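What follows is a set of notes on a single structure, which appears directly below.
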Amino acid sequence: MRTDEPILRIEDLAVYFKTIDGDAKVLDGVDISIHKGEVVALVGETGCGKSVTGKTILGSLPIPPAKIVRGRCFFKGKDLLSLDKDERREIISNNISYVPQDPMTSLNPVFTIGEQMLALIRWHGKKRAGLRAFLGRYNKRDDSWGKAIELLNKVKIPSPEMILNRYPVELSGGMRQRVLIAMSLIGNPSLLIADEPTTALDVTIQKGIIELIKEKVEEENLSVLYITHNLGVARKLSDRIYVMYAGNIVETAKTSELLDSPLHPYTQGLIKSIPKLTGEEFRGIDGRIPDYIYPPSGCRFHPRCDRAIEKCSMEKPKLLRIKDSHSVACHIYSYKEVTSVIDERSDITG
Ligand code: SF4
Numbered sequence: 000m001r002t003d004e005p006i007l008r009i010e011d012l013a014v015y016f017k018t019i020d021g022d023a024k025v026l027d028g029v030d031i032s033i034h035k036g037e038v039v040a041l042v043g044e045t046g047c048g049k050s051v052t053g054k055t056i057l058g059s060l061p062i063p064p065a066k067i068v069r070g071r072c073f074f075k076g077k078d079l080l081s082l083d084k085d086e087r088r089e090i091i092s093n094n095i096s097y098v099p100q101d102p103m104t105s106l107n108p109v110f111t112i113g114e115q116m117l118a119l120i121r122w123h124g125k126k127r128a129g130l131r132a133f134l135g136r137y138n139k140r141d142d143s144w145g146k147a148i149e150l151l152n153k154v155k156i157p158s159p160e161m162i163l164n165r166y167p168v169e170l171s172g173g174m175r176q177r178v179l180i181a182m183s184l185i186g187n188p189s190l191l192i193a194d195e196p197t198t199a200l201d202v203t204i205q206k207g208i209i210e211l212i213k214e215k216v217e218e219e220n221l222s223v224l225y226i227t228h229n230l231g232v233a234r235k236l237s238d239r240i241y242v243m244y245a246g247n248i249v250e251t252a253k254t255s256e257l258l259d260s261p262l263h264p265y266t267q268g269l270i271k272s273i274p275k276l277t278g279e280e281f282r283g284i285d286g287r288i289p290d291y292i293y294p295p296s297g298c299r300f301h302p303r304c305d306r307a308i309e310k311c312s313m314e315k316p317k318l319l320r321i322k323d324s325h326s327v328a329c330h331i332y333s334y335k336e337v338t339s340v341i342d343e344r345s346d347i348t349g
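In numbering that gives the first Met the number 0, the protein residues as written are 0 to 349.
The following block contains the structure:
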């Protein structure tokens with residue numbers, strides 16, 4: 000259930016990566032907020048900066064070559080970016096969890112599921128694990144064994160005792176992803192960051208994982224930042240969507256409003272790019288994500304935008320609130336124009 004105070008608020012986040020050719024300006028002033036119990040999808044093409052945003056929140060950016068140039072990242076009112084390393088690590092490990100993209104490579108192939116889960120349960124929140132914990136084998140008398148069974152039951156894995164004795168290679172992709180979701184729930188997190196967790200799975204398994212995440216969100220009252228390039232998944236799962244293009248948030252709205260009445264030319268292009276089963280021809284967006292070392296001036300989308308005006312290459316558009324929950328960063332809209340475009344929307348979404 001949503002409350003008014005965001006659990007996470009990112010303000011003007013800019014992240015660069017040092018390269019031999021110069022700084023790659025990957026995030027260029029990102030603003031995102033997530034409320035308690037809310038599922039927010041961050042969508043955009045591969046390479047637009049979605050995962051960098053997630054890693055910045057998790058404190059897992061490789062610094063260097065990455066550097067946080069400016070911005071703030073408030074979690075439950077504390078700016079994670081201004082805290083020292085230990086304080087930040089403690090807040091993140093006790094409150095924020097992560098579900099990675101690829102279940103095939105995210106589990107260690109040389110340890111059983113039980114060894115990996117029990118190590119995580121024992122070490123969770125600890126700064127250092129003692130030699131005994133490191134060397135200790137798991138056994139059924141251990142409390143952590145019961146906790147591992149409980150977690151596997153939560154993600155509906157049949158015969159959890161048997162699964163704990165299996166190696167990752169013995170499980171299907173869907174089962175491995177369920178194990179990773181179970182592991183993400185170990186510390187009773189309040190925020191889950193899921194980075195394309197269904198991309199490597201086939202569609203029927205994807206459906207099961209999406210339903211499982213939805214169920215866990217309700218049961219555990221989780222807030223979720225769901226990173227995806229798949230608008231269909233975002234529609235199924237999220238309450239609100241942020242559209243990211245080349246390190247900028249270009250549009251945000253409630254999910255149904257954004258997908259039914261997209262305003263930004265990039266969002267409209269993304270929706271038109273979805274292949275349809277009706278045989279109808281679909282159109283992609285010409286061009287590709289720009290060079291981050293020498294990004295286009297003004298609106299970073301202008302070299303690909305068929306509606307660009309002179310101002311677009313000179314001035315970066317601000318994210319303007321159009322309605323209570325719908326904001327867009329595009330020079331062609333003023334408040335009045337947007338109101339009329341929303342009314343005339345039927346031809347845009349196709
Ligand atoms: Fe296109 Fe200009 Fe809007 Fe950017 S600001 S999306 S270039 S119309």
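Yeah, the Cβ is synthetic: ideal placement off N, Cα and C, and Gly gets one too. Computed from a predicted model, the values in this text were never measured in an experiment.
With a threshold of 6 Å, establish whether the CB of arginine 306 neighbours any heavy atom of the ligand SF4. yes
Helix, strand or coil at threonine 348 [DSSP, three-state]: Only weak support exists for where threonine 348 lies, its pLDDT of 36 falling under 50; the coordinates are left without a value.
Could you pull the start and end residues of the beta strand (DSSP E) that threonine 52 belongs to? Where threonine 52 is concerned, there is no enclosing beta strand (DSSP E), although the alpha helix (DSSP H) it sits in stretches over 49-57.
Return the chain-ordered list of same chain residues with a C-beta closer than 7 Å to the C-beta of alanine 307, the five sequence neighbours on each side being excluded. His301, listed in sequence order.
Alpha carbon to alpha carbon, how far is histidine 263 from isoleucine 67? Give it in angstroms, no decimals. 27 Å
Heavy atom of the ligand COA less than 6 Å from the Cβ of cysteine 298, yes or no? What this structure holds is the ligand SF4, not the ligand COA.
What residue ranges within the segment 94-124 form continuous beta strand (DSSP E) runs of no fewer than 3 residues, ordered along the chain? 95-98
Return yes when the Cβ of leucine 12 is within less than 7 Å of the Cβ of leucine 190, no when it is not. no
Distance CB(glycine 113)-CB(leucine 163) smaller than 7 Å: yes
By the DSSP assignment, the beta strand (DSSP E) with valine 38 in it spans what residues? 38-42
Any heavy atom of the ligand SF4 within a distance shorter than 6 Å of the CB on proline 316? yes
Proximal residues to isoleucine 331 (C-beta, below 7 Å), its chain only, five neighbours per side dropped: If we look at isoleucine 331 and ignore the five residues flanking it on each side, its Cβ neighbours are Arg306 and Ile308.
What separation, rounded to the nearest whole angstrom, lies between the Cα atoms of isoleucine 270 and glycine 297? 24 Å
Beta-carbon proximity check, alanine 23 vs tyrosine 291, cutoff 7 Å: Using a Cβ distance threshold of 7 Å, alanine 23 and tyrosine 291 count as a contacting pair.
Answer yes or no: do proline 188 and serine 96 have a C-beta to C-beta separation smaller than 7 Å? yes
Cβ of proline 261 versus every heavy atom of the ligand SF4: is any distance shorter than 6 Å? Proline 261 Cβ: outside cutoff for every heavy atom of the ligand SF4.
Cβ-based neighbour list, leucine 179, same chain, cut-off 8 Å, excluding 5 preceding and 5 following: Within the same chain, leucine 179 has close Cβ partners Val98, Pro99, Pro102, Ser105, Leu106 and Pro196.
Counting only the same chain and skipping the five closest in sequence on each side, list residues whose C-beta sits under 6 Å from that of phenylalanine 74. Leu7
Measuring only the C-alpha atoms, how far is lysine 77 from glutamate 169? Taking the straight line joining both Cα atoms gives about 42 Å.
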